[in-house]
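First to last, the protein sequences are chains A and B.
Counted from 1, the first sequence has number 9 at position 9 by full-length UniProt numbering; the numbering is strictly sequential.
Counted from 1, the second sequence has number 19 at position 19 by full-length UniProt numbering; the numbering is strictly sequential.
There are 2 protein chains.
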Amino acid sequence: MDQVEIFKALSNKTRLQILIWLKDPEGNFPDQDQYGFDNGVCVGQIQKKAGLTQSTVSEYLSVLQRAGLVKSTRIGQWTYYQRNEEAFAALSQLLQTDI
Amino acid sequence: MDQVEIFKALSNKTRLQILIWLKDPEGNFPDQDQYGFDNGVCVGQIQKKAGLTQSTVSEYLSVLQRAGLVKSTRIGQWTYYQRNEEAFAALSQLLQTDI
DNA sequence: ACGATATATCGGGAAATTCCGATATATCTT
DNA sequence: AAGATATATCGGAATTTCCCGATATATCGT
Chain A
1 MDQVEIFKAL
11 SNKTRLQILI
21 WLKDPEGNFP
31 DQDQYGFDNG
41 VCVGQIQKKA
51 GLTQSTVSEY
61 LSVLQRAGLV
71 KSTRIGQWTY
81 YQRNEEAFAA
91 LSQLLQTDI
Chain B
1 MDQVEIFKAL
11 SNKTRLQILI
21 WLKDPEGNFP
31 DQDQYGFDNG
41 VCVGQIQKKA
51 GLTQSTVSEY
61 LSVLQRAGLV
71 KSTRIGQWTY
81 YQRNEEAFAA
91 LSQLLQTDI
């Protein structure tokens, strides 16, 4: 758990927004219909909502994943991203104890 | 409370280290003798321990203060910095609720 | 196998951050 | 008032981040 890497990942308005959107996939991504939401939300949906290019959003999701804040599942041609709640709990705990 | 600004302030190894040092001023800054630790630790002590230049450390402390993570007290020619614990509690809370 | 679709990766220009040395400002001492 | 000390601010080189368009890769349907 690289603390600096985590905080860098959180240091961007769009990435922070994506994480917040992913707290409520059904509410924030009503267009998605494939496979429900059990595996997360696919990149295209997130990209459309973020209003940035596909490459940028894909890169941002990689940053979030390298920091451990989200996890991904590939199903067919789609990659579904969802929050890694354990990481958020650990980070909140870290802030109360170590930092 | 600008969340992105806070996370940016935390996105640096040295700044994070300073915040951790400030959790235990007596233990981490034994050289300081003026005015005790009630008002925090002065810039020079932090600078010596951080091993960066005076200007860099002064700037880093400003960044932390703008983010609300520390507060400062000027006494004579010294500026004492201490943690703003309310900000850390609020941030930890934010991570559990909003983000 | 071929074209369409979804995502990842590459290369890069613009902006921000990192950290420095030099200098300015504020306060203390004499 | 003058010099010493502590901190803040300025200007800048090197690095990183932001976000893009172009391209590569993977999987789908036919």
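Glycine included, C-beta positions come from ideal geometry on N, C-alpha and C.
Proximal residues of chain B, C-beta to C-beta of residue i below 8 Å
i, result
"A/D98", "I20"
Residue nearest to residue i in terms of C-alpha spacing, selected from the options
i, options, result
"B/P25", "B/E59, B/V41, B/S55", "B/V41"
"B/N28", "B/Q45, B/K13, B/G68", "B/Q45"
"B/A90", "A/E86, A/R83, A/Q54, A/Q96", "A/Q96"
"B/G76", "B/I20, B/W21, B/V43", "B/V43"
"A/Q47", "A/A67, A/Y80, A/L69, A/G68", "A/Y80"
"A/D38", "A/K23, A/L52, A/Q65", "A/K23"
"A/D2", "B/D2, B/N12, B/E59, B/S72", "B/N12"
"A/A67", "A/W21, A/E86, A/G51", "A/E86"
"B/W21", "B/L61, B/T56, B/R74", "B/L61"
"A/G36", "A/V4, A/G51, A/T73", "A/T73"
"B/E78", "B/Q65, B/S58, B/G51", "Note on identity: in this sequence residue 78 of chain B is Trp, with Glu being the wrong assignment. It is B/S58 whose Cα lies nearest to the Cα of B/W78."
"A/L69", "B/I99, B/L10, B/P30, B/T56", "B/I99"
"A/K49", "A/V4, A/F88, A/P30", "A/P30"
"A/L64", "A/G51, A/F88, A/L94", "A/F88"
Assigned exposure category for residue i - 16 Cβ within 10 Å defines buried
i, result
"B/K8", "buried"
"A/I18", "buried"
"B/R15", "buried"
"B/T6", "Note on identity: in this sequence residue 6 of chain B is Ile, with Thr being the wrong assignment. Classification for B/I6: buried."
"B/Q54", "exposed"
"A/Q32", "buried"
"B/R83", "buried"
Contacts of residue i in chain A (Cβ-Cβ under 7 Å)
i, result
"B/S11", "V4, F7, K8, S11"
Element boundaries [beta strand (DSSP E), containing residue i]
i, result
"A/T73", "70-75"
"B/Q82", "78-83"
Chain-ordered chain A contacts of residue i [CB-CB under 8 Å]
i, result
"B/L95", "F88, L91, S92, L95"
"B/L64", "Going along chain A, no residue has its Cβ under 8 Å from B/L64, so there is no contact; the nearest lies around 12 Å."
"B/L61", "Within 8 Å Cβ-Cβ: nothing; B/L61 doesn't reach chain A, min ~16 Å."
Unbroken alpha helix (DSSP H) run spanning residue i, endpoints
i, result
"B/S62", "54-66"
"B/K48", "43-50"
"B/I20", "13-21"
"B/F7", "3-10"
"B/G27", "25-28"
Contact set between residue i and chain A, taken where Cβ atoms lie within less than 9 Å
i, result
"B/L16", "Q3, V4, F7, I99"
Near the ligand PLP: residue i beta-carbon under 6 Å from a heavy atom
i, result
"A/G40", "With respect to the ligand PLP, the structure shown offers nothing to examine, as it has no ligands at all."
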